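In our numbering, the protein residues as written are 335 to 604. Where is the CB? At the ideal position from N, CA and C, for every residue including glycine. What you are looking at is a predicted structure, and each value in this text was computed from that prediction instead of being measured. These notes are about the structure you will find just below.
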Amino acid sequence: MVQTPRFKTYRKHPHLFTSPLSSAMASMTAQITHEFPPFFRVYKDGRVERYPDTDSPYVEPALDPATGVEAKDVVISSEPSIKARVFMPRISGPEEKLPLWVAAHFGGEGPEPWINQHADMGRVFLAGESAGGTIAHNIAVRAGAEGTVGFGVRGLIIVHPFFANEEPDELITYLYPTCGGLFDDPILNPDSDPDLSKLGCSRVFVCVAEQDWLKPRGLSYYEILKRSGYGGTVEFVETEGENHCFHVFNPTCDKALALNRALASFINQD
């Protein structure tokens, strides 16, 4: 039996639904004008339906007895609601420090006791995958151009990053119709960023997947960074036969485990 996907529906024009639909309105209701799987679709009447996130169910933070890794959610903002999940692996004692990212806890005075007690603020690594890789890159650029207070960025990990190229992006064009050309934006095109060589860390690890449609952009980022005048080291790894963020959707496969080992090795070099 084939089931039709369920959608969460949002209406831009609720007044259209206060009276029985005429045949013309019914036709408008059913007509799709934009389709952006796996995110959302847009109807002619203004309704937006979001695809259900069935591949990534919510997991409560807890202790994993198999690995000894404990997790908790830290509140960054109450309004809007923003949380970050912090993971703490098994440690030998309170004197052992772990690299974490929250600069507000410099000096052990922040609101999160885990970070105060266990974070080594001199060994911060910035990491992200897909659009998160783009964000991590831009934070590293700002850290180098503007400086940091209270913590030291040792490395940057970019996994399957999204950067712009000369081809138009239909989703971004729909969401931001007045944004202009993405290729000239230094946030999305590192080659146009005058501060690229100031990247605020000494090591960068770039990861791509062979079957990922974003692979050329990750490879281009690696090559652009190497010729930019950046003074640190840049490492590159390509996973054969895999697609975008495969390690998220199949985290226990051999290639995902190999990628995790490579990331751990990069972090633990110093």
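Residue pairing by DSSP places residue 375 opposite 369 and 383 in a beta bridge.
Our two residues, residue 405 and residue 503, have alpha carbons roughly 36 Å apart in a direct line.
Between the alpha carbons of residue 563 and residue 600 lies a gap of roughly 22 Å.
In the three-state reduction of the DSSP assignment, residue 525 falls in the helix class. Comparing alpha carbon positions, the residue from 520, 407, 451 and 422 closest to residue 399 is 422.
DSSP places residue 460 inside the beta strand (DSSP E), whose first and last residues are 458-463. Where residue 588 is concerned, the enclosing alpha helix (DSSP H) starts and stops at 588-601. Counting only unbroken stretches of 4 or more residues, the alpha helix (DSSP H) elements lying wholly within the stretch 522-584 are 549-560 and 580-583, in sequence order.
Nearest Cα to residue 466 within the set 579, 394 and 370: 579. Between residue 509 and residue 475, the C-beta gap is not smaller than 8 Å, which leaves the two residues out of contact. In the DSSP assignment, residue 490 falls within the beta strand (DSSP E) that extends over 487-493. By the C-beta density criterion, residue 523 is buried, having at least 16 other C-beta atoms within 10 angstroms. Counting C-beta atoms within 10 angstroms of its own C-beta, residue 491 has 16 or more neighbours from the protein chains shown and is therefore classed as buried. Annotation: residue 381 to residue 575 spans about 38 Å, alpha carbon to alpha carbon. The beta-bridge partner set that DSSP reports for residue 397 consists of 404. Going by C-alpha positions, residue 469 is about 32 Å away from residue 366. Taking the Cβ atoms as the reference, residue 548 lies roughly 6 Å from residue 494, within the contact range of under 8 Å. When the alpha-carbon of residue 463 is set against those of 588, 583, 587 and 384, the nearest one is in 583.
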